[in-house]
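Numbering (our numbering), first residue to last: 212 to 453.
The beta carbon of each residue, even a glycine, is placed where N, CA and C say it ideally should be.
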Amino acid sequence: MIFYTGLHKPWQAKHFAHAFISANRMRTRRVPLGCPDWIMDSGAFTELQTHGRYRQGVEAYAELVNRIAAFDPGLTAVVAQDFMCESLILDRTGLTIGEHQRLTIDRYDQLLALSRVQIIPVLQGFRVEHYLQHLEIYGDRLAPGAYVGVGTLCKRNGAPYQVEAILTAIKIRRPDLRLHGFGLKTTSLRSDLVQRCLHSADSMAWSYAARREGRNRNDWREALAFSNMIEMMPVQQWMFPE
């Protein structure tokens, strides 16, 4: 599994082999990050939680993507503008899970036609059956071996068996897909099953831990120590509850 370190400050990416950075942090950037492999997130959670909608259309997002790709060869993929399905976000948008799934695909389709960079589509839902339904709706958009994100996982880190159940169901249905887990913490990443299901994952849990323990939440050395720990971390078997 490839681990992409989530970073608040783009200039810190030069210290990492793999980085994960929000588009919200890249709007004024004009020079390469110096990271050989980084993914740009759409900033979806912050946007929807704060405003209940995307203030930026797909065309504007694609323009940002293409502008950055023109000067930074390290940008290897971009996450589509998806719609998360936890109750907090549903309450903000006033929409249903089905509507969030449809909007996620609509924005993916639009961005795919405009971007020069690989786009990561996102599977969304809340229960296992939602993710499988969304998989069916995507249909042949997801070619064999496609790189696909799995959303609405970050709030489940306290119950890693839920993450295991979702990822396992997707892999049983489509074992060919290369899955990316968004915002996973060590509680989930310790799971052998989670690691075997995922091609990659990202996390900014290092920042929360540093702040909680009275250290600098923006220090890239905290992030590097966390990334090294993930690479060396022993995995364990989780027991599904009865």
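**Study point:** Cβ-based burial, Asp403 [other Cβ within 10 Å; buried from 16]
**Key:** Taking a 10 Å sphere around the C-beta of Asp403, we find fewer than 16 other C-beta atoms and assign the residue as exposed.
Review point. Just the Cα atoms here: how many angstroms apart are His391 and Thr397?
Key: When the Cα atoms are used, His391 and Thr397 turn out to be separated by approximately 15 Å.
Check your understanding: Gln340: which of Val290, Phe393, Ala376 and Ala228 sits nearest, CA to CA?
Key -> Strictly speaking, residue 340 in this sequence is Glu, with Gln absent from that position. A check of alpha carbon separations from Glu340 across Val290, Phe393, Ala376 and Ala228 identifies Ala376 as the nearest.
Exercise for review: Report the residue ranges of all alpha helix (DSSP H) runs contained in full by the segment 351–388; include only those spanning at least 4 residues, in chain order.
Suggested key: 371–384
Review point. With distances taken from CA atoms, which of Ser399, Ile279 and Tyr319 is nearest Val290?
Key: Tyr319
Check your understanding: Quick one: any contact between the segment 238–246 and the segment 378–389, if contact means 3 or more CB pairs under 8 Å?
Key -> Counting Cβ pairs under 8 Å, fewer than three are found: no touch.
Practice item. Classify Ala228 as helix, strand or coil using the three-state DSSP reduction. Key: Collapsing the DSSP output to three states places Ala228 in coil.
**Study point:** Backbone secondary structure at His391 - three-state DSSP
**Key:** Three-state DSSP puts His391 in a strand.
Check your understanding: Phe294: which of Val276, Arg313 and Asp283 sits nearest, CA to CA?
Key -> Arg313
**Study point:** Met251, enclosing beta strand (DSSP E) - first and last residue
**Key:** Trp249 to Asp252
Check your understanding: Taking all protein chains shown into account, do 16 or more other C-beta atoms lie within 10 angstroms of the C-beta of Asp283, making it buried, or fewer, making it exposed?
Key -> Within 10 angstroms of the beta-carbon of Asp283 lie 16 or more other beta-carbons, which makes it buried.
**Study point:** Neighbourhood of Glu433 by C-beta, 6 Å cutoff - its chain only, sequence neighbours within 5 removed
**Key:** Trp417 and Ala421
Check your understanding: Counting pairs of beta carbons, one from the segment 255–270 and one from the segment 294–308, are three or more of them closer than 8 Å?
Key -> yes
Practice item. Output the distance between the C-alpha atoms of Asp387 and Ala357, rounded to the nearest integer angstrom. Key: Rounded to whole angstroms, the separation of the alpha carbons of Ala357 and Asp387 is 8 Å.
Point to revise | beta strand (DSSP E) segment containing Gly217, residue limits | key: Ile213 to Gly217
**Study point:** Reduced DSSP secondary structure (H/G/I, E/B, other) of Val289
**Key:** strand
Check your understanding: How should Arg367 be labelled, buried or exposed, when 16 other C-beta atoms within 10 angstroms of its C-beta is the threshold for buried?
Key -> buried
Check your understanding: When you compare each of Gly268, Ala280 and Gly285 to Phe227 by their alpha carbons, which one comes out closest?
Key -> For Phe227, the closest C-alpha among the options Gly268, Ala280 and Gly285 is that of Gly285.
Check your understanding: Is Ser326 helix, strand or coil by DSSP?
Key -> coil
Point to revise | Beta-carbon proximity of Cys365 to Leu400, cut-off 8 Å | key: no
Check your understanding: Should Ser326 be labelled buried (16 or more other beta-carbon atoms within 10 Å of its own) or exposed?
Key -> A residue is called buried when at least 16 other Cβ atoms come within 10 angstroms of its Cβ; Ser326 meets this threshold and is buried.
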